Structures are given as C-alpha cells and as structure tokens.
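Chains as they are written, first to last, in my numbering: chain A, 1 to 321; chain B, 322 to 823. All C-beta atoms in this analysis are idealised placements derived from N, C-alpha and C, irrespective of residue type, glycine included. Computed from a prediction, not measured in an experiment: that's the story for all the values here. Taking it in order: structure first as structure tokens, then the write-up.
Structure follows, in structure tokens:
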C-alpha cells in the first residue's frame, strides 16, 4: 500500500493540473470516455502485471487484440453465429494461447521475451491473413445488439469496461495479496529455486500467469473491437502491450519479478490514459503524444529510484533509535 | 619472517550504527607487516562491518584509521585498493566468461592500438604467469575460469589481489567451500604470502584452521573487542570462551538405539552419477552423518531423493512401503524434507518476511478456500521463532536482513512447523557462528529423539565425528562405506572419502 502512494500522488497531481488548465477534463463526457479507456487498458495490464511478477514478460497482447478482434467479426458478422458462443470462444482462445506461451516457457525453458515476441508476430500475421488485409467492421451489430450495448454501454453511468475493471481489480487484489496463489506467484518471482524447494509447483504457477494474461487480454480485445467498431488487422492494438508493460512498471512491478501490487498497476494504467487525455485537452500536437508519455514515464521511474536511494541512505545513517 | 613491530594498519575506536543498532562500539585493530591476524566472533559480532569499514564499503561514525602511521580515511573500494587493501569475499567475484589472465588484470589490461584500446593478449598472459607461479597454481593464463574448481577460482582472486600490489588481504571465510586438501593448500599459500611481507586478515569459523595459520587472534563479541590471543595462547577452548563467553556444548551421541531402517533407498541412480547405484538406509532416532569430498554427489543424491532433481532409477521406501516421489511436493507430503546447502539461493525467499517464509511449504494449512489467514500464520511463525530462538524484531522482518545463523533457524523453523519424518540437512552449519552451531546440534538431537530420521551432509570433519551416530561416506557417486561409532576417526572417514575400501 505504502509503495503505491508515490504513483497515486503523481496521478492526483496530474489530474489536478489538468483540471485547472482545462475545465473540460472534468466534463461528464470526457470523464466517461477516459474511464472507458482506463477500463479497457487496465484489464489486460493487470494480466501483464501478473506475468511480470513471475519475472516474465508478455509482448503478444497488442497482436492478440487484432487476431481476436478479427475472429470476433468473422464469427458475428460473416457467419452470424450466436454472440454468446463467439464471446466464449474468443475468451477460451485467449486463455489457450496464454497457456501455450506458458507451457513453452516452463517446459522447454525458452525465455518469455522470445516466446511472446513470436506470439506478437504470429497473431498479427494471422489477423492480416484471416481478414485478407482488409478492415473488418461490425456495422450496426445486427443480431448481436446486446453484446454491442454491453461492450460500449454504461451501468449507472459508469462505462462497462471501467466497472468490469473494478470488479476484476478487486478479485485480483484478493488473489495476489491475500490468497495462496498470489503468495506463490510472488515467491516464484522472487526466488524460483527456493519456492521449488518449498514444494511449490513453480512451472504451473508461472504458466498460469500467462493464462491469466491471455484471458484478460481476450476480455480487453472484445472491448477494443467494439470501441473502434471495426478491426483494421495491421494496426489494431499495435503497441498496446507496451502500455500494459508501462502501466505495470509505473505501478511498482519490477521487471526482475517478485514485486508488484494490483492497486499500483491500476493507477499506472489510469495515469497513462490521463496523459493521453492531457495531450488532447492541452492542444499539444498529437504527433507528440508518445514523446510526452515517454517523458512522464521516464520522470516517474527516475524519481522513484532516487527516492528509494535517499531512503536507503537515510536508513543507513539514521542515528540511534 | 616474523611479524615486525610497527603495525602497518591501526584502526582505533571505530564506531558504527545501523538504524539504531550499534554494530561496532569503539573497536580497535592492529595489523603488522607479514602477520596473519585471525578475526573471529559469532555472526553479528561485527567482523563483516569492521572489514567493510576497512575495505571502504561503509564509513564509520567515529574512530580513526592509520596506514603506515598516517591517518587516513578509506573513501570507497577503489581508494582501499589504492591503499593496498584487498577484500576476498566469501562468495567469489570471478567472472566465469573470462580467462584466468582476464580476471587477474580485470580493468587494468595492457592495451595497444592507441584510441582503439585493444587488449594486448600476449602481454596480458605473460604478466599473469608470475602471479600464478607465486601461488603455485598450475593453470595456464588462457584457461577459462568457468573450467576451474572453486579453490582455483579463489586463488585467482588472490592473484588479482597480488597484482593490485595488495599489502593487506582480507579473506572472509575462505575455506567454507573447500575440501580438506584444498584447505591445506590455501593455508600453505597464506604462509608463503606472509613470508613475503603481505599481511592477511583471516575471518573464519573453523577454529582448527585458525590454530594452524594465525599469528594472533582478535575476537569480537557484540560489536566490541572481546580479547586478543597471542600465538602461544591460541587454543580451541580459549577462542570459544572469548567468542561466546562460555564453552561450546555438543550433545553426546546416543548408542544402543535399534536401527529401524525407517527410510530405505535402493539402487538409486542420479543424473549426476548415472552409473553408480546407491543403496542406504536411515533410522529414526539417529543422526546419519554423510561425509565425502565436495563433488562426491551427496547433495545431488539428497536433491534427487527429495524430488528436486530427476532420477534415473531406484526405489524409496518409508517403513518398508515404497513411496512415489516425482517432485518436491511429493517428498514434503511424505514428511521427507530437505534443508538445502545454500540458504540464500535455495532455502529462503529473501525479500519475504519470516512469517511468509515459515508458512510457505504448508500454506494450505493456513488457508481456507485459498484465503490465507494471517493470524494463524503469525501465530505459527511466532511460535517457531520462539522455539528456535531467532533474534529478530518481529515475524514481519525480512529474512534478508537477518544474520546467517538466524536465517538458518528460520529455514529449520519452516520445516519444523510441519511434521518431519526424515530430514536431510545439507551443510546445516556452514557459515554459522559457534553459538548458533551448538543450538543447531541440540536441535537435531532433539528431533532425532522425537523419532525423526536425520541425514546430515557435512564437510566439517569435527562436526561429523562429534554429532553423527553413524557416518556414511561417498566417493564419486558411490557409497564407499559406513562407519559405526566405535570406528569413527578422521583417518577412517578420509580413507573412504578418497575412494578407499573399508
């Protein structure tokens, strides 16, 4: 909790500054739209965060959004399949692809970076191929209006993705910080050998993190597809995995593994969206938005490191208690 | 050459506090030219802190350091090196991907090619030879360090210190991973070094080595000077008395307890020695000492039995019934626990708290429907800390902040919070101070008395002979013999350890 204070502070300061500079930030429309984006990005960032906690990485998410989006359109529009079936199929496929990553990483001992990099290339290529390089649209959602409403609608004024993010966040928090599985996840990330000596099935724990990442990725994929209402296979979701990784790292996950908090990842994901919003609302040229985001992440991570160092030296120098 | 009168190093009134803990209190230390000074004390006595002050790793709060009679401050590690102080740590810092010469001259390689700064390999190798010769190390300068034994790597670090023109070499537990033969070799090297005027500060828990090699012994206790022993006063009991303020007690072995062969291992083959079929048994109520040289395959055998590594073949029987063990969990569920050799790497999760470490192996017991009940965890961890006499502010302390002895107690506490039937302890007292050692011996004996079969892998001969009820000896993957107590002797164990027949 204490560790999340830093990022929370940055987040609050950023929102305050933004609200003062441009009151439109607090308008209902803007808040709703930002919350929607936070929800979509937050959900899969959480999965990536779990993978990073095990000391791994997942680069495949962005391409996964494209592939699953294309499949969603093929199933719903081209074949007119029942939407529930298609949704379940997409979620299961996301989980299975994650399982595949996890198994290759744990059974064959190949580095997560390489395995998920292959995933990044595969899924993008498959999406291009299946869509025949053309954009797949959902049109007016004939036959799956309920799904489209669910994905793009609100509950009690709260965008569905954001509401779902809160639910998933609470579950993830309980799992990571209060449950046996979460303890194992942190233990494996910190010291896999010692965890194995303690009887933890480390391979299963690591592989399961990729399943979670794939499954949450599939959830986000559905939202992203309906948010755009069309899937352009070669660009849909590209670079999104980096937003997920950035959110996790901003939120206190160490790429060395073993560290991370659910609240931190959530605020990290929100921070990135507010930044994007800032670029829009302050009229900064949108071609600069990546540069702005890079700068803020950089400042955040460097400040964090400097604060940690100062704390460490102060601890060492502390006069007698 | 005997040590001369004027000390080359004097540390006076060194004080150091760490977040409220007084690590050093007005400590004095003097080293003469060509002197081997043994620095001993329990873990947490302040040896490492004092040496870190000398090595420039940390700055003292008060006190002064004189080198060659001139007061100086050791600003950082580089400065210490420039002053002729070299620190050889317990964990070696050699770079495995370089060759011997590359390690000896790391950062100071002879170069050519002007701005290209290419490494002159010929000169580099030629310059390395004399240092290797001085240590009697028979390896070529171009040998990759990865292919060297631990003992040889250590000597490479000494060669590096010599190449840096070190006048004072600090060695922290240099023999903790060496075989007896390698240890003798190192002690010879230290003798040669001091004969050429190099001073050595020798930190060790192995008092018999200190007896052999030291000219003077400085004992620290609780961050203060506890006393100095001159050459003719250096005796085992005298050192222990100064270290702990009392004599070390080792529980006496028991005899005439019937061997029930509770754990039986039959025709067991490990991946490390696939050609050697091993059979042995361990009995409840007994401590089976497991001797052998480093690399004899003892740890590998224990790891394979406990499901950590795959095995080629073989059966494991508990009370006559075969048990299936394919992973660590299987072994744990059968009550067969392995306390690994390397605490930090395998035994503990450093950034986690004592509570989280103690309960990790048996987390299911503290959880309801996957939800961990912290109160139950805290209670169990507190109980183990009290039973094991762990010195820590609370069970929420991170284990990485504890001393070696306390870390080992946490590892043991973790297993004792469950129901052990068979316990393999791999080098349970390595790098642990005398006081904590005695506690661990008593603990093993109490466990045995409670009906646990104990297998203690140890490279410490004194420990093996004093603690075991039976000693089994391994050589290159095979068990070369088992000694009953009446046949115990250092010679008998060594004879089997080098492959002799009983």
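query, result
"Per DSSP, what kind of secondary structure is residue 616 of chain B in: helix, strand or coil?", "coil"
"Can you tell me the Cα-Cα spacing of residue 159 of chain A and residue 245 of chain A, whole angstroms?", "24 Å"
"Listed from N- to C-terminal order along the chain, which residues in the segment 613-633 of chain B have their beta-carbon within a distance smaller than 8 Å of any beta-carbon of chain A?", "629"
"Less than 8 Å between the C-beta atoms of residue 335 of chain B and residue 371 of chain B, yes or no?", "yes"
"Is there a Cβ from chain B that is less than 8 Å from the Cβ of residue 305 of chain A?", "no"
"What does the alpha-carbon distance come out to for the pair residue 314 of chain B and residue 684 of chain B?", "Residue 314 of chain B lies beyond the range of chain B shown here (322 to 823); nothing can be said about it."
"Run through DSSP, which three-state label would residue 643 of chain B get?", "strand"
"Let's test the definition: count the other Cβ atoms within 10 Å of the Cβ of residue 539 of chain B and tell me whether it reaches 16, buried, or not, exposed.", "buried"
"Tell me the DSSP bridge mates of residue 154 of chain A?", "A/159"
"Between residue 255 of chain A and the rest of its own chain, which residues show a CB-CB distance below 6 Å, the 5 nearest in sequence each way excluded?", "none"
"Is the segment 624-635 of chain B close to the segment 477-487 of chain B, with three or more CB pairs under 8 Å?", "no"
"List the residues of chain A that residue 673 of chain B touches, going by C-beta distances under 8 Å, in chain order.", "186, 187 and 190"
"Okay, do the segment 200-217 of chain A and the segment 22-40 of chain A touch, 3+ Cβ pairs below 8 Å being the bar?", "no"
"Could you confirm whether any beta carbon from chain B is found closer than 8 Å to the beta carbon of residue 140 of chain A?", "no"
"What did DSSP end up calling residue 136 of chain A once you bin it into helix, strand or coil?", "strand"
"How would you label residue 320 of chain A, buried or exposed, when you count the other beta carbons within 10 angstroms and need 16 or more for buried?", "Per-residue confidence for residue 320 of chain A stands at a pLDDT of 35, beneath the threshold of 50, marking its modelled position as unreliable; the derived number appears in the next sentence. With fewer than 16 Cβ atoms within 10 Å of its Cβ, residue 320 of chain A is classed as exposed."
"If residue 494 of chain B and residue 526 of chain B are in contact, beta carbons under 8 Å, what's the gap, nearest whole angstrom?", "7 Å"
"Starting from the C-beta of residue 120 of chain A, find all residues in its chain whose C-beta is less than 8 Å away, skip the five residues before and the five after it, and write them out in chain order.", "59, 60, 62, 63 and 241"
"Select from B/541, B/523 and B/542 the residue whose C-alpha is nearest the C-alpha of residue 533 of chain B.", "B/523"
"Give, in chain order, every residue of the segment 684-707 of chain B whose Cβ lies closer than 7 Å to some Cβ of chain A.", "684, 685, 688, 691, 692 and 693"
"At which residues does the beta strand (DSSP E) containing residue 746 of chain B begin and terminate?", "743-747"
"Beta-carbon separation of residue 742 of chain B and residue 679 of chain B under 8 Å?", "no"
"Is there a Cβ from chain A that is less than 8 Å from the Cβ of residue 826 of chain B?", "Within the shown structure, residues of chain B are numbered from 322 to 823, placing residue 826 of chain B beyond reach of any answer."
"Grab me the residues of residue 589 of chain B's own chain with a C-beta within less than 6 Å of its C-beta, minus the 5 sequence neighbours each way, in chain order.", "599 and 635"
"Should residue 648 of chain B be flagged as near chain A, meaning a C-beta pair shorter than 8 Å?", "yes"
"May I have the straight-line CA-CA distance separating residue 820 of chain B from residue 571 of chain B, to the nearest angstrom?", "29 Å"
"I want to verify the contact list: residues of chain B whose CB lies under 8 Å from the CB of residue 197 of chain A, in sequence order.", "629, 649, 659, 661, 667 and 668"
"For residue 88 of chain A, count neighbouring C-beta atoms within 10 Å of its own C-beta (all shown protein chains included) and say buried if the count is 16 or more, exposed if not.", "exposed"
"Counting only beta-carbon atoms, is residue 249 of chain A nearer than 8 Å to chain B?", "no"
"Taking only beta-carbon atoms, is residue 748 of chain B less than 8 Å away from chain A?", "no"
"Considering just the uninterrupted stretch of the beta strand (DSSP E) at residue 546 of chain B, what are its terminal residues?", "545-551"
"List the DSSP bridge partners of residue 360 of chain B.", "B/524 and B/539"
"Take the Cβ of residue 449 of chain B as the centre, count every other Cβ of all protein chains shown within 10 Å, and call the residue buried at 16 or more, exposed below.", "buried"
"Let me check understanding here. Comparing Cα to Cα, which of B/712, B/807 and B/356 lies closest to residue 514 of chain B?", "B/356"
"Report the neighbours of residue 387 of chain B on chain A: residues whose CB is nearer than 7 Å to its CB, in chain order.", "Under the 7 Å cutoff, chain A gives no residues; its nearest Cβ is about 25 Å from residue 387 of chain B."
"Near residue 185 of chain A, what residues of its chain come up, given a Cβ to Cβ distance below 8 Å and the 5 sequence neighbours on each side ignored?", "50, 53, 54, 176, 205 and 209"
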